[in-house]
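Structure first, then comments.
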Amino acid sequence: MPHAGGCATGDAKITRGYRLPAKHVIHTVGPVWNGGASGEPELLASCYRRSLELALAHSIRTIAFPAISRGVYGYPMERAAGIAVRECSRFAREHDAIERITFALFGSDALAIYQAELAQPAP
Numbered sequence: 030m031p032h033a034g035g036c037a038t039g040d041a042k043i044t045r046g047y048r049l050p051a052k053h054v055i056h057t058v059g060p061v062w063n064g065g066a067s068g069e070p071e072l073l074a075s076c077y078r079r080s081l082e083l084a085l086a087h088s089i090r091t092i093a094f095p096a097i098s099r100g101v102y103g104y105p106m107e108r109a110a111g112i113a114v115r116e117c118s119r120f121a122r123e124h125d126a127i128e129r130i131t132f133a134l135f136g137s138d139a140l141a142i143y144q145a146e147l148a149q150p151a152p
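In our numbering, the protein residues as written are 30 to 152.
Structure below.
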């Protein structure tokens with residue numbers, strides 16, 4: 030479903046960074062958590078894939094992600110972290126043009142969950 034600015038849930042758009050200390054900003058719309066049976070996992074995975082595809086297409090070599098769909102969208106942190114790490118790791122293995130992917134997180138609990146996910150062997 031499109032949101033303001035024309036970005037559908039699971040899709041991503043790119044703009045200039047304007048006055049931010051970044052040349053570009055990639056905007057994505059994550060799903061609202063409704064228990065997981067409404068396609069939320071695939072939509073969340075798509076947010077990361079589409080954002081990384083845009084980064085690659087625009088020769089962006091580093092990217093930072095918040096915990097997409099957390100906060101008011103209510104996605105469980107453990108599930109969101111697993112999807113984020115899986116999709117970013119897979120993309121990084123397939124596309125060496127992306128030099129660094131950063132997860133920008135709030136709080137030690139979120140950090141610990143992401144660190145645990147990152148410590149898991151790649152599938």
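C-beta atoms are modelled at their ideal positions from N, C-alpha and C, and glycine is treated no differently.
These numbers were taken from a predicted model, which means no experiment stands behind them.
- Scanning its chain for C-beta atoms nearer than 6 Å, with the 5 sequence neighbours on each side dropped, one finds around Phe132 the residues Phe94, Tyr143, in chain order.
- Taking C-alpha positions only, Val54 is separated from Gly100 by approximately 20 Å.
- The DSSP-derived three-state label of Arg115 is helix.
- Within the region 70 to 141, the runs of alpha helix (DSSP H) that reach at least 4 residues and sit entirely inside it are, in chain order, 106 to 123.
- Shortest Cα-Cα distance from Ala109 to any of Lys42, Arg122, Cys76 involves Cys76.
- When rounded, the separation of the alpha-carbon atoms in Ala139 and Leu147 is 12 Å.
- For Thr44, the enclosing beta strand (DSSP E) starts and ends at 41 to 45.
- Annotation for Gly35: Lys42 place their beta carbon closer than 8 Å to its own, counting only its chain and skipping 5 residues before and after.
- DSSP lists Thr44 as the beta-bridge partner residues of Val54.
- Cβ-Cβ separation between Gly39 and Leu72: approximately 4 Å, consistent with a contact (criterion under 8 Å).
- If you check the CB distance, Leu85 and Ile127 come in under 8 Å.
- For Ile89, same chain residues with a beta-carbon under 7 Å away, outside a window of 5 residues either side, are His53 in chain order.
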